[in-house]
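Participant: Counting in the numbering used here, the sequence shown runs from 937 upward without gaps. For every residue, glycine included, the Cβ atom is placed at its ideal position computed from N, Cα and C. This structure is a prediction, so every number in the text was calculated from the model and none was measured.
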Amino acid sequence: MKAGPRDLMEIHAELLDKAKTKGNKETTMVQINNDYTRLLEDIAKTRERAQKYQERRQANKRLQTFRGKLAYLKVEKALKDYEVKKKAVDEAKEAYKIVEQNKAPIEKKLMENGNLKRNTLNNNEKTQNDI
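1. Would you check if there are 3 or more beta carbon pairs closer than 8 Å linking the segment 984 to 994 to the segment 1002 to 1016?
2. Do the CB positions of L944 and I968 come within less than 9 Å of each other?
3. Express the C-alpha separation of R993 and K1023 in angstroms, rounding to a whole number.
4. When you compare only the Cα positions, how much space is there between E946 and L952?
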């Protein structure tokens, strides 16, 4: 119920017209004042409800903004973690490549000398003896 100043004046005029048509002016004036007061109270309650609604709406907007920022920060952190992990994996791959490159010439020399076979046999014997 929206009631502006003009509406109040119209309602007040209607109530006064009703009072003029009825015989007892005192009771009708009391009734008019009661109706008018009740109407003002209703308007005040409506304004309070509208204000509370507006406050809730603003709070919800702030909450949504906060949730959005929080989600953005979580995504940003996840991306940073992913980049750090990816960098670590790349470094590990590079280190493995370097080890493999250095290992290949040594294995080749050992194969030529026949030492590689003996080393693997010795390792196998040790593991069987350990068991």
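Facilitator: So, from the data block:
1. Taking 8 Å as the limit for Cβ pairs, the verdict is that the segment 1002 to 1016 does not touch the segment 984 to 994.
2. No. Outside cutoff.
3. 45 Å
4. 10 Å
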